[in-house]
Amino acid sequence: LAAELMISGHPMELMDGDAGHVPLTWISSLLDEVIKKLGNKRVFVLSVLGVQSSGKSTMLNAMFGLQFAVSAGRCTKGAFMQLVKVSEEIKKDFQFDYVLVVDTEGLRALELAGSATLHHDNELATFVVGLGNMTLINIFGENPAEMQDVLQIVVQAFMRMKKVKLSPSCVFVHQNVTDIAAAEKNMDGKRRLQEKLDQMAQLAAKEEVCDAECFSDIIAFDVQKDVKYFAQLWEGSPPMAPPNPGYSESIQELKNIILSKASQSAGITLSQFKSKIQDLWNALLNENFIFSFKNTLEIAVYRKLEVQYGNWTWALRSNMLTIENQLSTRIENGKLDNVELNLLHKEMSKTCEEIKKAMTKYFDDDRDKEMLVQWRGRFESKIKEFHDEQVRGVKRKLDEVLQQKNARKKLDDKKTEFENKLLQKSKELAHQLKDKAKDEEELEKQFNSVWCDWVNELIADTKPIEDINLKDDQLTILQELGIEWSLIAESKSSGSYKDISKTGDYFDYVSLTKRQELSDTS
Numbered sequence: 038l039a040a041e042l043m044i045s046g047h048p049m050e051l052m053d054g055d056a057g058h059v060p061l062t063w064i065s066s067l068l069d070e071v072i073k074k075l076g077n078k079r080v081f082v083l084s085v086l087g088v089q090s091s092g093k094s095t096m097l098n099a100m101f102g103l104q105f106a107v108s109a110g111r112c113t114k115g116a117f118m119q120l121v122k123v124s125e126e127i128k129k130d131f132q133f134d135y136v137l138v139v140d141t142e143g144l145r146a147l148e149l150a151g152s153a154t155l156h157h158d159n160e161l162a163t164f165v166v167g168l169g170n171m172t173l174i175n176i177f178g179e180n181p182a183e184m185q186d187v188l189q190i191v192v193q194a195f196m197r198m199k200k201v202k203l204s205p206s207c208v209f210v211h212q213n214v215t216d217i218a219a220a221e222k223n224m225d226g227k228r229r230l231q232e233k234l235d236q237m238a239q240l241a242a243k244e245e246v247c248d249a250e251c252f253s254d255i256i257a258f259d260v261q262k263d264v265k266y267f268a269q270l271w272e273g274s275p276p277m278a279p280p281n282p283g284y285s286e287s288i289q290e291l292k293n294i295i296l297s298k299a300s301q302s303a304g305i306t307l308s309q310f311k312s313k314i315q316d317l318w319n320a321l322l323n324e325n326f327i328f329s330f331k332n333t334l335e336i337a338v339y340r341k342l343e344v345q346y347g348n349w350t351w352a353l354r355s356n357m358l359t360i361e362n363q364l365s366t367r368i369e370n371g372k373l374d375n376v377e378l379n380l381l382h383k384e385m386s387k388t389c390e391e392i393k394k395a396m397t398k399y400f401d402d403d404r405d406k407e408m409l410v411q412w413r414g415r416f417e418s419k420i421k422e423f424h425d426e427q428v429r430g431v432k433r434k435l436d437e438v439l440q441q442k443n444a445r446k447k448l449d450d451k452k453t454e455f456e457n458k459l460l461q462k463s464k465e466l467a468h469q470l471k472d473k474a475k476d477e478e479e480l481e482k483q484f485n486s487v488w489c490d491w492v493n494e495l496i497a498d499t500k501p502i503e504d505i506n507l508k509d510d511q512l513t514i515l516q517e518l519g520i521e522w523s524l525i526a527e528s529k530s531s532g533s534y535k536d537i538s539k540t541g542d543y544f545d546y547v548s549l550t551k552r553q554e555l556s557d558t559s
């Protein structure tokens, strides 16, 4: 049903405006159904991008006779696509069968606020520019500053998404420019636009280590041909004002430019368009980081801050390692028998103060301090969390050192106790056997007969080693000796491998001879 609607010229939702998500499964299934009904037709994808209420949908409706929703405020949510069939009279001049028009919601929407707006706008802009064979950049008035930040992110995202083969082009449309006859003013505006676009492309290229030198290296654009100035839509104040004929003339001129450029393009097939949506959207999800920023300069400032954060955390970590080594030595020498968190915080206090001062100086004195202020609280919290985590980690390690030292001391005490008891029992046995002092064989026989009983008596309270896994230990030892896994597997399959854990007597394979051939055990 959706495919039938799309073929008949009904706009279909491409990006969910509420969730900011492209439902790939649905879109792919829809396009597959369209291909079944129409065949794998070629389409020329024309997308539009601009701030809210700048006249995007009105322009497309006037140009192609479409019916995208128009009103003040946020009338379009997300992105919509609509098929426009190329008429039989002009079809011979083009290599495609349909123009696929992609209309988008306005950027910088008042309904969205804060970082959500940045992320949403930057992601949407990159998606529609990358998707289109041509994108109309719609600007209300002569000043392109409102679109500049968004275009910076688009350019940088394209540089990052090298795997997605993109060849976008764009045309800038300045709407509501009354004095369109002032050619020299327009030329000056075009020159400034070119300079700004090139500057942002160079900044983005520097960030991404790319050899692009100008905006047109990333997105095909000719400032002399690809900038249009539109008169206002109404002559006077609506609703009683009549439409301005100059607007219709500008629309027709722009349409001729688009069709002229389109005639040199083969467009893409519907199946290629489907793959492009999937590749582009997946690439966008992988490059999620970049869309949270206002522009390329902001990304550069954030990365510089991350380098500083790395220096601060290393200073903390380095100091903590030094303290850990010093306290470990004191524990081993018996000069410290307890480690309190207060002690670690006290040892770290000097370094912490130095880092706090360095952070304050950086955020207060850096030339980009106005931009840095938005991340100050977050990075101060991150430093505190890192410090606390390091202190807790060192406390755990030092407690383990104390436990091991106490365990060794306990074992040493037990060893001394066992030695004294065995020595005492030996003396008692010697006293009993003093009459047989000359018969060494008899003495050795008597001593061996009671020795095992003495040892078992002394270690009766000692818990045996649990969880012995001879099978795993055997494999581990063989691999540690350099026996490759493939050889072990081969010996298993041939039947020559002997599993010690399955044999009746462990000492069949572990002997006390001077030499044991490896092949005997493997």
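Numbering (this note's numbering), first residue to last: 38 to 559. Just so it is clear, CB atoms sit at the ideal spot from N, CA and C, and this is done for glycine as well.
So who's on the other strand from residue i, going by DSSP bridges?
i: Q560; result: An answer regarding residue 560 cannot be provided, because it is not within the stretch 38 to 559 covered by the chain.
i: E50; result: F117
i: L86; result: I174
i: V138; result: L83, Q119
i: T306; result: R79
i: L144; result: V88
i: K311; result: Answer by DSSP bridge pairing: none, since K311 is not bridged.
i: V264; result: F209
i: A257; result: S206
Residue i: beta carbon under 8 Å from a heavy atom of the ligand SAM?
i: I525; result: Looking for the ligand SAM in the displayed structure turns up nothing, as the structure carries no ligands at all.
Measure the beta-carbon distance from residue i to residue j and round it to whole angstroms, keeping in mind my assumption that it falls under 8 Å.
i: I255; j: M196; result: 7 Å
i: E377; j: K442; result: About 17 Å separates the two Cβ atoms, so there is no contact after all.
i: V88; j: L137; result: Contact flag wrong, Cβ pair sits at about 23 Å.
i: M43; j: L120; result: 6 Å
i: M408; j: E335; result: 6 Å
i: Q212; j: N159; result: Going by Cβ atoms, the distance from Q212 to N159 rounds to 22 Å, so no, they are not a contact pair.
i: I360; j: I392; result: That pair is no contact at about 15 Å.
i: L342; j: F416; result: 7 Å
i: V431; j: M357; result: 6 Å
i: C251; j: A238; result: 6 Å
i: V85; j: D140; result: 6 Å
i: K114; j: G54; result: 3 Å
i: L144; j: A162; result: 7 Å
i: I525; j: Y534; result: 7 Å
Flag residue i as yes if its beta-carbon sits less than 9 Å from any beta-carbon of chain D, otherwise no.
i: L67; result: Of the chains in the structure shown, none is chain D; there is only one protein chain.
Using a 10 Å radius around the Cβ and a threshold of 16 neighbouring Cβ atoms, would you call residue i buried or exposed?
i: M22; result: Here the chain has residues from 38 to 559 only, and residue 22 is not among them.
i: T513; result: exposed
i: W63; result: exposed
i: H424; result: buried
i: T172; result: buried
i: K247; result: A small correction: the amino acid at residue 247 is Cys; Lys does not occupy that position in the sequence shown. Under this definition C247 is a buried residue.
i: E478; result: exposed
i: P48; result: buried
i: W522; result: exposed
i: S418; result: exposed
i: K551; result: Residue confidence for K551 is low, a pLDDT of 44 falling below 50, so the modelled location carries little weight; the figure read from the coordinates is stated next. K551 comes out exposed.
i: E290; result: exposed
i: V344; result: exposed
i: L353; result: buried
i: A564; result: Residue 564 cannot be examined here, being either before or after the span of the chain that is shown, 38 to 559.
i: L118; result: Before going on, a small fix: residue 118 reads as Met here, not Leu. Buried: at least 16 other Cβ atoms inside 10 Å.
i: S355; result: exposed
i: M100; result: buried
i: E465; result: exposed
i: K243; result: exposed
i: W351; result: exposed
i: K93; result: buried
i: D78; result: In the sequence under discussion, the amino acid at residue 78 is Lys, which differs from the Asp named in the question. It counts as buried.
i: I288; result: buried
Secondary structure, alpha helix (DSSP H): runs of 4+ residues fully inside the stretch 58-82
If only complete runs of 4 or more residues are kept, the stretch 58-82 shows the alpha helix (DSSP H) at 61-75, in order along the chain.
Can you find at least 3 beta carbon pairs, one from the stretch 287-301 and one from the stretch 62-72, that sit closer than 8 Å?
The stretch 287-301 vs the stretch 62-72: no contact.
What runs of the alpha helix (DSSP H), each 4 residues or longer, lie entirely inside the stretch 434-516?
You should have 477-495.
Contact the stretch 250-269 vs the stretch 204-211: 3+ CB pairs below 8 Å
The stretch 250-269 vs the stretch 204-211: in contact.
Cβ pair count under 8 Å reaching 3, the stretch 163-176 against the stretch 309-321:
Contact between the stretch 163-176 and the stretch 309-321 is present, because at least three Cβ pairs lie under 8 Å.
At least three beta-carbon pairs within less than 8 Å, the stretch 377-396 to the stretch 426-442:
The stretch 377-396 and the stretch 426-442 touch, with no fewer than 3 CB-CB distances between them shorter than 8 Å.
Closer than 8 Å is the cut-off here; do at least three beta carbon pairs connect the stretch 385-404 with the stretch 467-482?
Note that the stretch 385-404 does not touch the stretch 467-482; fewer than 3 beta-carbon pairs, one per stretch, sit closer than 8 Å.
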